[in-house]
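Visitor: Before I ask anything, let me first share the structure, which is written out below as structure tokens.
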Amino acid sequence: MRHTFHSEQWVPHPRERVFAFFADPANLPPLMPRWQRARVEKAPDAAGEGSLITISFRPVPLLPLRLEWDALITEFRWNDFFCDEQRRGPFQYFRHCHRIRGERNGTVVSDDVVYELPFGVLGDVANSLMMKRRIQSLFRHRQKMLPVLLQCG
115 MRHTFHSEQW
125 VPHPRERVFA
135 FFADPANLPP
145 LMPRWQRARV
155 EKAPDAAGEG
165 SLITISFRPV
175 PLLPLRLEWD
185 ALITEFRWND
195 FFCDEQRRGP
205 FQYFRHCHRI
215 RGERNGTVVS
225 DDVVYELPFG
235 VLGDVANSLM
245 MKRRIQSLFR
255 HRQKMLPVLL
265 QCG
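Residue 118 in the working numbering sits at position 4 of the sequence shown, and the numbers go up by one each step.
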């Protein structure tokens, strides 16, 4: 079964700056929790429709196992939105749309994720027991880091 997640965050930076930050694949690892030790393996300098980005990360703290994830940018409109879909990775299906809109002298970053875990009903149970909370936690971390990273850059 497919599951959804939605998140919004306002940041006190211009829309163009926020979008450019997200369009640079090098900015993905700093948004992820340090324990994941995420790194970009392959990516263009700036994302655009048709870009394939490969990252690797640790799925579980302290475990030396690394997973690779290929994400393809399937839709892209500069300073507005882009969507990426997993081509290879831990999910059966994963689509993430990032929307950026100017609001209240800043920018609202909106994320919509649709995902499905492998293994059918067992995947749905794993979502209820763990994955739903893990996704929420990853986005809470990102929301904490985004203003800091935008301020530094």
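Glycine is no exception: its CB is placed at the ideal position from the N, C-alpha and C atoms. No experiment lies behind these values; they were computed from the predicted model shown.
Answer yes if the region 125–136 comes into contact with the region 234–241, meaning at least three C-beta pairs across the two stretches below 8 Å, and no otherwise.
Guide: no
Visitor: Count the other CB atoms, across all protein chains shown, that sit within 10 Å of the CB of Ala-245; report buried if there are 16 or more and exposed otherwise.
Guide: First, the amino acid is wrong: residue 245 is Met here, not Ala. Buried: at least 16 other Cβ atoms inside 10 Å.
Visitor: Within 10 angstroms of the Cβ of Leu-142, are there 16 or more other Cβ atoms? Answer buried if so, exposed if not.
Guide: buried
Visitor: Enumerate, from N- to C-terminal direction, the unbroken beta strand (DSSP E) stretches of 3 or more residues contained entirely within the region 128–207.
Guide: 153–156, 166–171, 181–191 and 195–202
Visitor: Counting only runs that start and end within the region 197–264, where is the alpha helix (DSSP H) found for 4 or more residues in a row?
Guide: 235–240
Visitor: Starting from the C-beta of Arg-129, find all residues in its chain whose C-beta is less than 8 Å away, skip the five residues before and the five after it, and write them out in chain order.
Guide: Asn-193, Ile-214, Arg-215, Gly-216 and Thr-221
Visitor: How many angstroms separate the CA atom of Gly-162 from the CA atom of Cys-197?
Guide: 10 Å
Visitor: Taking the alpha-carbon positions, what's the Glu-155 to Arg-202 distance?
Guide: Approximately 13 Å between the Cα atoms of the pair.
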